[in-house]
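What follows is a short report on a single structure.
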Amino acid sequence: MKWFKNVSIGSKLLIVFGVLCAMLIGLSAVAYTMIDAIEKNERGAADEAQAMELAAAQIRSDQNYVRAKMIQFITSSNPDERAQLKRVTDDRINALLVGIEQIKRYWTARHNVEGLTILAEVEKIQAAYLATRIEVIALVEAASKNEKGNEIAKTHEKTNSSDKGTDTSSGKADKARAIYTNVQSERFDKIRDHMLRVGDILHQNNEEAITESTRLFSEAVRIFVVITLVAILIALAMAWFMNRLLAVPLRVITTVAGQVASGDLTVQIEAEDRNDEIGEMQRSFVIMVNNLRGLNRDLREGFGVLSASSNEILSTVSQVAAGAAETATAVSQTSTTAEEVKQTAHVSHQKARNVQEGAQKTAAVSEAGRQAVTRTIEGMNHIRVQMESIAESVVRLSEQGQAIGEIIATVNDLAEQSNLLAVNAALEASRAGEVGKEFAVVAQEVKSLAEQSRQATTQVRVILMEVQKATSAAVMATEQGTKVVAAGVKQATEAGDSIRSLSESVTEAAQAATQIAASNQQQLVGMDQIALAIANIRQATGQSMSGTQQLKASAQNLRNFGDRLKGLIERQRVES
Amino acid sequence: MSVQQRTINWDAIHRRLATAAAGISGVLDHSPEEVRRVLESRAREAAKAPPKPDDAHHLEILGFSLAQETYAIETRYVYEVCRLRDLTLLPGTPSFIAGVMSLRGRVLAIIDLRKFFEFPDRGLTELNQVIVLRGEGSEFGLLADAINGVRLVAASALQDNLPTLTGVREKFLRGVTGDMLTVLDGRRLLEDEGLKINEQVL
């Protein structure tokens, strides 16, 4: 049954109604067959039986007719009459044989052994009867010719000598009559009896056919009833089965759909394992419910987010409104400030002009400074020459001091020798005793002089040392002075360069001041534009504030809407 | 800056130069009166009668300087003083023998008292004066930085037997005067065996 579940509903219906149609067609076929059989039985078989009965009666009638005419033939003397009679009897005999043949075929078809046996008997007797008739006819004809000629009689006699043994025409006629009255009559009777018997059998056959058709009819009625009952049972089973297969799942789904419609998404439904529309509907329904659950959850979250966002938007819009108010204040302040800046730019313009003039004056002053520096450098060079001259003089003085030192050394040496001489003189005086006492005084005096000379030279040496130190200091000072002068020249040169660059800078400053003046002019124009722009901004800020108010109202509406949606979605149950 | 700020008074400098030139010429060119006045003052000074020295109580000594200290020796043992010249170093002699020199044809041993008295070497000294000592059979020279001259010292002024002086110095010491003049004993120096050995070596 599994496969049947998987068949589509259209195919199911097609199968069910196909089965019912097939049953109907079968029933109709059975009915047709039955009716046809009955009809055939009633119309064909009965009619044929009656026809055969009639044929049997006809055979008997023909037999009687042939017998009667043959008797007339025998007795007739007229050849024409005999010819006509012979022709008539031949026809009747042919018809008779055809009738027998018909009955024989009928029975052969129905395997009627009894009838066929009788019919064979009849045919055998009939053959004998007909053979005898030919013989009789010949006899009659011979007799007739004998009356006219003997040749004919003789010929006739020869041919029939074995059977009749008659020689004469009269005898022959008699003999024919005798044959007919005896043998042929006997045969005729037998045939008639047999044919009566055949008629009875045929009648019986007719009766049987009628009975058969009645039986067939009742049987057909029974089969109809059975088949109809079976068909009704199958149809009921099909209906029950289809109900179970289609309506029950649909009812379940309908119930669940009702629950879903009332907002209860906690329903549990399981898809059967089947591939028809019901199965697909169940699966789709399961997916739908799951999707609805997911959608519900998402919506719940989304509405939460919407609510929170609208709240945030509301607060932000409030902040924006406050900001817009602040912006308006700031714009007013900016406007005032721009006006102040404009005035400042005026002042700046004036100052820049002053700077320009001052820079030109400074350029002139710096040119004068450059010339002064040049003169300073010249003076410095002159000083250096003088310094070198001083150094030369001092060095010469120092060299003179050296000569003085040498002289002093000589004097000192002399004083020392004088000292020694004085000591030796004193020693000599001492050794001379009393005599040398006066000399000792002189020696003492000489020693004193020598000492004074030595002290003088020592003082001179000290002074000379100081002079030497002073000259060295003078030389060093001169050298220092020369270096200072060189540094001064260098510094003066640098000062000149600085003044030159200062002059250039001042020139550049003058140009810059000119540019500043021009820029200030542009700045004034720009400040006017800024004032215009600020006016526009102020206007825009006012519009923005009104817009913000509208936005606030919209945000309020949005929040209410979000709350409402949230309430709606809260009413749906997702989880039990 | 201070140099620039200090203004140079060239007039003052010129005056000072003129004064100096005048002073120099004044010093060099003494007037006859001034020369005579100096000479007269000196003559008067020389004409003063020297104090009578008491031979028994006075010592005639020769003062000299050696290594920033002043010493003296009695003139009795001094033959003469002269300048050190042509000092010849001698190998194989004690360190206090500075060398020998020729004095008017005689070879004279020169003794460095600093080494002999084992003074520590202290500062630079000239050591270009020689005091020639002559006794009986012995003669040598002492090195000195400078000869200060002959003078008289009272014998009572000599303070001897200083407890702090021991060894060589005590042996050759005669005494110390009040003005911290160390008087050496010339006789002991001349008679000292150590110095005599040197004599024999020579």
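Protein chains in written order, with this note's numbering: chain A, 434 to 1009; chain B, 3 to 204.
Just so it is clear, CB atoms sit at the ideal spot from N, CA and C, and this is done for glycine as well.
Query: Using C-beta distances below 7 Å, list every residue in its chain close to Lys775(A), excluding the 5 sequence neighbours before and after it, in chain order.; Result: Leu957 and Met960
Query: Within 8 Å of any Cβ in chain A, is that where the Cβ of Val80(B) sits?; Result: yes
Query: Could you tell me which chain B residues have their CB closer than 7 Å to the CB of Asn857(A), listed as they occur along the chain?; Result: Glu82 and Val83
Query: Does the beta carbon of Lys880(A) come closer than 8 Å to any beta carbon on chain B?; Result: yes
Query: Pull up the distance between the alpha-carbon of Ala576(A) and that of Asn497(A), whole angstroms please.; Result: 25 Å
Query: On the criterion of 16 or more Cβ atoms from any shown chain inside 10 Å, does Ser743(A) qualify as buried, or is it exposed?; Result: buried
Query: Apart from the five residues on each side of it in sequence, which residues of its chain come closer than 8 Å, Cβ to Cβ, to Ala2(B)?; Result: Residue 2(B) is absent from the model: chain B starts at 3 and stops at 204.
Query: For Asn953(A) versus Ala757(A), is the C-beta distance shorter than 8 Å?; Result: no
Query: What's the C-alpha gap between Ile442(A) and Val452(A)?; Result: 15 Å
Query: Would you report the Cα separation of Ala586(A) and Ala528(A), rounded to the nearest angstrom?; Result: Unreliable placement is indicated for Ala586(A), whose pLDDT of 47 sits below 50; no coordinate value is reported for it.
Query: If you drop the 5 nearest sequence neighbours on each side, which residues of the same chain put their C-beta closer than 6 Å to that of Leu739(A)?; Result: Gly995
Query: Could one say the Cβ of Gln6(B) lies closer than 8 Å to chain A's Cβ atoms, at least one of them?; Result: Reliability fails at Gln6(B), whose pLDDT of 47 lies under 50, so the model's placement of it is uncertain and no value is given.
Query: By DSSP, does Gly65(B) sit in helix, in strand, or in coil?; Result: strand
Query: Alpha carbon to alpha carbon, how far is Ala653(A) from Val681(A)?; Result: 40 Å
Query: Identify whether Asp718(A) lies in helix, strand or coil by the three-state DSSP scheme.; Result: Residue identity check: residue 718(A) is Phe in the sequence provided, not Asp. Three-state result, Phe718(A): helix.
Query: If you measure from the beta carbon of Ile149(B) to each beta carbon in chain A, is any gap under 8 Å?; Result: yes
Query: Taking 8 Å as the CB-CB limit, is Thr77(B) close to chain D?; Result: Looking at the structure shown, chain D is missing, and the protein chains on hand are A and B.
Query: According to DSSP, is Arg153(B) part of a helix, a strand, or is it coil?; Result: strand
Query: For Val531(A), report the span of its alpha helix (DSSP H) as first-last.; Result: Pro512 to Arg543
Query: Closer than 7 Å, Cβ to any Cβ of chain B: which residues of the segment 837-866 of chain A, in chain order?; Result: Asn852, Leu853, Val856, Asn857, Ala859, Leu860 and Ser863
Query: Can you tell me whether Asp523(A) is buried or exposed, with buried defined as 16 or more other CB within 10 angstroms of its CB?; Result: exposed
Query: Exposed or buried, which one is Tyr539(A) when buried takes at least 16 other CB atoms within 10 Å?; Result: buried
Query: Which of the residues in the segment 63-75 of chain B, read from start to end, lie with their CB under 9 Å from any CB of chain A?; Result: Leu64
Query: Can you give the Cα-Cα distance for Ala950(A) and Gln783(A), rounded to whole angstroms?; Result: 8 Å
Query: Hey, could you find the ends of the alpha helix (DSSP H) Phe872(A) is sitting in?; Result: Lys870 to Glu1003
Query: Under the DSSP definition of a beta bridge, which residues are partnered with Ile112(B)?; Result: Gly101(B) and Gly143(B)
Query: Would you tell me roughly how many angstroms separate the C-alpha atoms of Lys435(A) and Arg716(A), rounded to the nearest one?; Result: 17 Å
Query: Indicate whether at least one CB of chain A lies closer than 8 Å to the CB of Val152(B).; Result: yes
Query: Does the separation of the CB atoms of Thr981(A) and Val750(A) fall below 8 Å?; Result: yes
Query: Taking the alpha-carbon of Val569(A) as reference, which of Ala516(A), Gln877(A), Ala873(A) and Arg610(A) has the nearest alpha-carbon?; Result: Arg610(A)
Query: Would you check if there are 3 or more beta carbon pairs closer than 8 Å linking the segment 884-896 of chain A to the segment 839-853 of chain A?; Result: yes
Query: In the DSSP output, which residue or residues are listed as bridge partners for Arg85(B)?; Result: Gln131(B)
Query: Start and end of the alpha helix (DSSP H) containing Leu487(A)?; Result: Ala479 to Thr508
Query: Going along the chain, which residues of its own chain have a beta-carbon closer than 7 Å to the beta-carbon of Glu128(B), five neighbours each way excluded?; Result: Asp147
Query: Ile199(B): buried (16+ other C-beta within 10 angstroms of its C-beta) or exposed?; Result: Residue placement at Ile199(B) is flagged as unreliable, the pLDDT there being 46, under the threshold of 50; a coordinate-derived value is accordingly withheld.
Query: DSSP three-state label for Arg106(B), please.; Result: coil
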